[in-house]
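Visitor:
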Amino acid sequence: MKVKLKIETQWLELERNSMSKMLRDYEQWERQTLKKAQEAIDLRSLRKVFYELGDRWEFDQASGAWLSEGEPLDMVGLILKMPGFESTKERYVLYAVMAYSKGFTQKFDHLGDKERIIVEHDKKTGSLFAWSTTGHGAMDLFPTNLSPFNSIENALQSCFLVAQPGDHALRIECPKASGLFDFLTKRLWDIAGGISSFDMKSIDVLTSNDIEEYLDFKFNRYAKSVIELNRIWRNLSGGAVEKAKEKVLDKIPDHIEERNRKTLRKIEGLLHILWFRPPAEQLPAIEIMHNELSHEPTPTDVQKKLVPYIVELGYSLTDILEKSKYLKWKSVVEKKDFSSSDVFKKLDLTQLAKEALVVALEHILCEHTLAYIGYPEQATMKNKVLRVLLNSIILPIRLGSSFRTNLFRWISRIIPKKEKPKTDEPTVTDADTPKKEETDS
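Residue numbering for the sequence shown follows this note's numbering, beginning at 73 and increasing consecutively.
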């Protein structure tokens, strides 16, 4: 799927200059390395050259290829599907990933910014709302109404994305506002753009179906298992009144009640990990909980109900972790077969962008929490406060910057510049002026 992307020209120039400098440094390193190898007089001195290279060998080789093939702010997109908190709702997270960035690491990773937009669809009412990234990963407080477009695919093809690398933000802008609030918001961001020039480009985006079916990356299954565990935990915990009623009517023994209370307390701790730690760090806690419940000699009814949810959670998480590692390995070791995969047949992607897609999947699992990815309402209090602050200051700051730029430009137009005296022509003085000769009358 093609999506229109708008980027401020200044960021393109900045990235282009950065790439050029890094490429020059790489070419200098390459020349020096080849010169040392050519000057080696025997195998021992040649071996010394390779020892000096150490672990940087493969890293610098890969970096050189990325620098040679990459384009400034070359981006590719992917959409992750996940359930909403209500059964009638579903969420989509659009990630825009830089295929090239100056943020290299030594693990064949060459990604920089991975900014996102969260879209929620209510299957019952048909409503469609999108939360853009205000800045530094914080989402907008108020969503953009995309309901007239009926689906996320129609919305993305009708609207366009605005990348703001300086603010680490990604916004969705519609050609026409659907209401007064959307109109005012769009107008303010237009003003904030000021006199900045933009470049428009088209990027490829893998849909959630591409991710789920062709890459076999079942992120929706994992997110659903977390939502379901959260739901059953709330149902089993209940309120104080429900607990008292259950104890009186069912006559649950005190020791059983205590075991259930401890188990539910541990599930609450597990849910904290599931929401606030990256998926790549969650398996040990899941395994501990599973071993405890499955090896219980006389499990209670509550413990029996929880076991299938823990099992599904473990399977779904293991599946996406292993799949992300396999895809990344295949993109490096079996580059030809990976590039000819069915998922890329209808997409006009460079080899660099194809690698970026699978590297992004692993980065998301290793760096981003589930609350950060698609459920900002589950964020910690600190992140909620940060979200409010960023929403309150970023747009005013950009408006102020735009106003100052326009003010200086207006002043420079109305105030004439002082002309400097010409210094290239000699000045004429009285001493240099020839005197008129007197004649006799």
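Even for Gly, the Cβ is constructed at its ideal location relative to N, Cα and C. Since this is a predicted model, take the numbers as computed values, not measurements.
#1: What are the boundary residues of the beta strand (DSSP E) that residue 242 is part of?
#2: Determine, using beta carbons only, whether residue 358 and residue 386 come nearer to each other than 7 Å.
#3: Report all residues from its chain with a CB closer than 7 Å to the CB of residue 391; omit the five preceding and five following residues, and keep chain order.
#4: Please give me, in chain order, every unbroken run of the beta strand (DSSP E) with length at least 3 that falls completely inside the stretch 97-125.
#5: If you pair each beta-carbon of the stretch 213-231 with each one of the stretch 191-199, do three or more pairs fall below 8 Å?
#6: Any heavy atom of the ligand HEM closer than 6 Å to the beta-carbon of residue 440?
#7: Helix, strand or coil for residue 95, going by three-state DSSP, please let me know.
#8: DSSP three-state call for residue 217: helix, strand or coil?
#9: Need the endpoints of the beta strand (DSSP E) that residue 271 sits in, please.
#10: Could you give the DSSP three-state label for residue 312: helix, strand or coil?
#11: Considering only residues of the same chain and omitting the five flanking positions on each side of residue 74, which have a CB-CB separation below 6 Å?
#12: Leaving out five residues on either side along the sequence, give the residues of the same chain with a beta carbon under 7 Å from the beta carbon of residue 32.
#13: State the beta-bridge partners of residue 416 as determined by DSSP.
#14: Is it the case that the Cβ atoms of residue 368 and residue 375 are separated by a distance below 7 Å?
#15: Please classify residue 232: does DSSP put it in a helix, a strand, or coil?
#16: Quick check on residue 457: buried or exposed, where buried means 16 or more other Cβ atoms within 10 Å of its Cβ?
#17: On the premise that residue 169 lies in contact with residue 153, defined as a C-beta separation below 8 Å, what is that separation, rounded to the nearest angstrom?
#18: Would you say the stretch 442-451 touches the stretch 412-426, given that touching needs at least three Cβ pairs under 8 Å?
#19: So, with DSSP's three-state summary, where would you put residue 504?
#20: Look at the alpha carbon of residue 105 and the alpha carbon of residue 123, and state the distance between them as a whole number of angstroms.
#21: Report the three-state DSSP secondary structure of residue 171 (helix, strand or coil).
#22: Suppose you measure from the CA of residue 397 to the CA of residue 335; what does that come to, to the nearest Å?
#23: From 486, 86, 393, pick the residue whose C-alpha is nearest to that of residue 144; which is it?
#24: Can you tell me the Cα-Cα spacing of residue 176 and residue 330, whole angstroms?
#25: I need the straight-line Cα distance from residue 222 to residue 288, nearest angstrom please.
#26: Measuring straight from C-alpha to C-alpha, what distance separates residue 272 and residue 233?
#27: At which residue ranges does the stretch 417-444 contain complete alpha helix (DSSP H) runs of 4 or more residues, listed in the order of the chain?
#28: Quick one: grab the DSSP three-state call for residue 290.
#29: Taking residue 362 as part of the alpha helix (DSSP H), name the residues at either end of that continuous run.
#30: Under a three-way DSSP split, which group does residue 350 fall into?
#31: What's the gap between the Cα of residue 114 and the Cα of residue 100?
#32: Does residue 451 come out as helix, strand or coil in the three-state DSSP assignment?
#33: When we look at the beta-carbon of residue 373 and count the other beta-carbons within 10 Å, is it buried (16 or more) or exposed?
#34: Which of the three DSSP states, helix, strand or coil, is assigned to residue 185?
#35: If you reduce the DSSP assignment to three classes, tell me which class residue 209 lands in.
Guide: Taking the coordinates as given:
#1: 241-245
#2: yes
#3: 290
#4: none
#5: yes
#6: Ligands in the displayed structure: none, and consequently the ligand HEM is not present.
#7: helix
#8: strand
#9: 270-278
#10: Interpretation of residue 312 is limited by its pLDDT of 43, a score under 50 that renders its predicted location unreliable; no figure is taken from the coordinates.
#11: 274
#12: Outside the shown range of the chain (73 to 513) lies residue 32, about which nothing can therefore be said.
#13: Paired residue(s): none; residue 416 is not in a bridge.
#14: yes
#15: strand
#16: exposed
#17: The pair is not a contact, with the Cβ atoms about 17 Å apart (cut-off 8 Å).
#18: no
#19: Bear in mind that a pLDDT of 48 at residue 504, under 50, signals an unreliable position, so the number given afterwards is only what the model happens to contain. Residue 504 falls in the helix class under three-state DSSP.
#20: 12 Å
#21: coil
#22: 33 Å
#23: 86
#24: In this predicted model, residue 176 has a pLDDT of only 45, less than 50, meaning its place in the structure is not dependable; the value taken from the coordinates is given anyway. Distance between the alpha carbons of residue 176 and residue 330 is about 52 Å.
#25: 26 Å
#26: 10 Å
#27: 423-439
#28: coil
#29: 355-366
#30: coil
#31: 24 Å
#32: coil
#33: exposed
#34: coil
#35: coil
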